[in-house]
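Working notes for the structure below.
Residue numbers (my numbering): 4 to 272.
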């Protein structure tokens, strides 16, 4: 693949050119030998082109369809061997290009990122959470966008924290959601809760929450630490799933306690 010429087509301001290029890319990535031949720089160039494919997409429904197609590259096209590198390239380019995103385009990129988080969990689920693939995926995140390094766009890191549990829930419990409506009506809340706990017991939930634990421990920003606690480890869903979120972060450190005290203190008008 002549990467530079192809990237220009992905970033074209002509819709038909972009659509044809995306179709060719999907076919190319679906070939294991082709996908595995791409190096780190080539993957980053492809995501730079795809960034602008989304850039030129107007109107909510086309944007949603495009975000779906892009995110499914992770779960439907990439071979397992190249999957972690594809993940790293995506988050690297999203962070690098984020400063260019204006208020009119923020929502579609945040939607794309949410979908990517979901489809990566889908990929792991399809592999039955194969240990090597899971570890390589988590390493790609923890050595990149979730490393705690301030060079990565904070908005993106916060967004990943915000959607992490949502997308775990979406993927792990999708079979429950797809059940026949009459069956759901006949199932009381306690039975649903029990089914969810059974699913969680079979999933590597500790590993899936590990990036949040490590980010909490490494993050220099108090606001990010607080966001992780509130949106992940103190989330009511964990208790519903039979998980004690406090075990992941242990005793809050002094800076965290001080931050909470400052938030609760009234300073007047």
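Glycine is no exception: its CB is placed at the ideal position from the N, C-alpha and C atoms.
Three-state secondary structure (DSSP) of residue i
{"i": "residue 40", "result": "coil"}
{"i": "residue 29", "result": "helix"}
{"i": "residue 229", "result": "helix"}
{"i": "residue 15", "result": "coil"}
{"i": "residue 166", "result": "helix"}
{"i": "residue 155", "result": "coil"}
{"i": "residue 146", "result": "coil"}
{"i": "residue 107", "result": "coil"}
{"i": "residue 84", "result": "coil"}
{"i": "residue 59", "result": "coil"}
{"i": "residue 194", "result": "helix"}
Sequence-distant residues of the same chain with beta carbon closer than 7 Å to residue i, five excluded per side
{"i": "residue 267", "result": "Because residue 267 sits at a pLDDT of 49, beneath the cut-off of 50, its placement in the model cannot be relied upon, and the point is left open."}
{"i": "residue 171", "result": "124, 211"}
Exposed unless 16 or more other CB atoms sit within 10 angstroms - verdict on residue i
{"i": "residue 204", "result": "exposed"}
{"i": "residue 223", "result": "exposed"}
{"i": "residue 253", "result": "exposed"}
{"i": "residue 104", "result": "buried"}
{"i": "residue 249", "result": "exposed"}
{"i": "residue 98", "result": "buried"}
{"i": "residue 34", "result": "exposed"}
{"i": "residue 271", "result": "With a pLDDT of 47 at residue 271, under the threshold of 50, the modelled position of this residue cannot be trusted; read the value that follows with caution. Its Cβ having fewer than 16 others within 10 Å, residue 271 is exposed."}
8 Å Cβ cutoff met for residue i and residue j
{"i": "residue 114", "j": "residue 70", "result": "yes"}
{"i": "residue 86", "j": "residue 140", "result": "yes"}
{"i": "residue 163", "j": "residue 120", "result": "yes"}
{"i": "residue 78", "j": "residue 129", "result": "yes"}
{"i": "residue 117", "j": "residue 166", "result": "yes"}
{"i": "residue 13", "j": "residue 55", "result": "yes"}
{"i": "residue 10", "j": "residue 51", "result": "yes"}
{"i": "residue 82", "j": "residue 38", "result": "yes"}
{"i": "residue 80", "j": "residue 41", "result": "no"}
{"i": "residue 208", "j": "residue 246", "result": "yes"}
{"i": "residue 60", "j": "residue 111", "result": "yes"}
{"i": "residue 168", "j": "residue 238", "result": "yes"}
{"i": "residue 43", "j": "residue 88", "result": "yes"}
6 Å CB neighbourhood of residue i in its chain, flanking five on each side removed
{"i": "residue 6", "result": "45, 48"}
{"i": "residue 134", "result": "none"}
Chain D within 8 Å of residue i, Cβ atoms only
{"i": "residue 49", "result": "Among the chains in the structure shown there is no chain D, since it carries only a single protein chain."}
Rounded distance between the beta-carbons of residue j and residue i, thought under 8 Å
{"i": "residue 151", "j": "residue 221", "result": "3 Å"}
{"i": "residue 159", "j": "residue 244", "result": "Contact flag wrong, Cβ pair sits at about 26 Å."}
{"i": "residue 161", "j": "residue 227", "result": "7 Å"}
Residue i Cβ short of 7 Å to the ligand SAH heavy atom set
{"i": "residue 228", "result": "Looking at this structure, you won't find the ligand SAH or any other ligand, since it has none at all."}
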